[in-house]
């Protein structure tokens, strides 16, 4: 079952249960996924249009006929990784908003954002904690022969690539800084 399908099922259950906070979070996630689908369809259409423009550059009648034959509103399904990336982006937006609300003394709004974060995180694979990440990151840094604080620029791209979808970049940065400084 895809994330989109789970969101649809869970939305119905949350509506039946009268859980307004969960309903809002799920609706926002579904809207973000729909926007990503629209953007993917637009990119697909634009790529097809560019290919047609290049192919029929000298024949305007054929170009117009080919452009008319492609559909601008084709339905594009997102793969699992793309859906996860969209939800991760939504979680990051909410984390930033919660932080700003806390700085502004709006604890009730920060709590609301954090509740939405908890709902959205339930649709993503469990992220590794710093403790779980440390041994694997140390092994990767040793494998690459990186040490010292100056190696941070080389370490981060490798760590991000290795742990993509399993750890957030903030945690990766923290662990890398600790390992490279020898703390």
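In this note's numbering, the protein residues as written are 1324 to 1506.
Glycine included, every Cβ here is placed at the ideal spot set by N, Cα and C.
Source: prediction; values computed, not measured.
What does the alpha-carbon distance come out to for the pair residue i and residue j?
i: residue 1467; j: residue 1393; result: 48 angstroms
i: residue 1447; j: residue 1387; result: 44 angstroms
i: residue 1339; j: residue 1475; result: 50 angstroms
i: residue 1444; j: residue 1493; result: 16 angstroms
i: residue 1358; j: residue 1389; result: 27 angstroms
i: residue 1366; j: residue 1457; result: 39 angstroms
Got a sec, what are the start and stop residues for the alpha helix (DSSP H) residue i sits in?
i: residue 1414; result: 1403-1426
i: residue 1333; result: 1326-1340
i: residue 1376; result: 1343-1378
i: residue 1440; result: 1430-1444
i: residue 1383; result: 1383-1392
Tell me whether residue i sits in a helix, a strand or coil according to DSSP, three-state version.
i: residue 1590; result: Not covered by the structure: residue 1590. The range shown for the chain is 1324 to 1506.
i: residue 1492; result: helix
i: residue 1477; result: helix
i: residue 1483; result: helix
i: residue 1466; result: helix
i: residue 1498; result: helix
Less than 8 angstroms between the beta carbons of residue i and residue j, yes or no?
i: residue 1417; j: residue 1450; result: no
i: residue 1352; j: residue 1330; result: yes
i: residue 1453; j: residue 1498; result: yes
i: residue 1495; j: residue 1409; result: no
i: residue 1438; j: residue 1463; result: no
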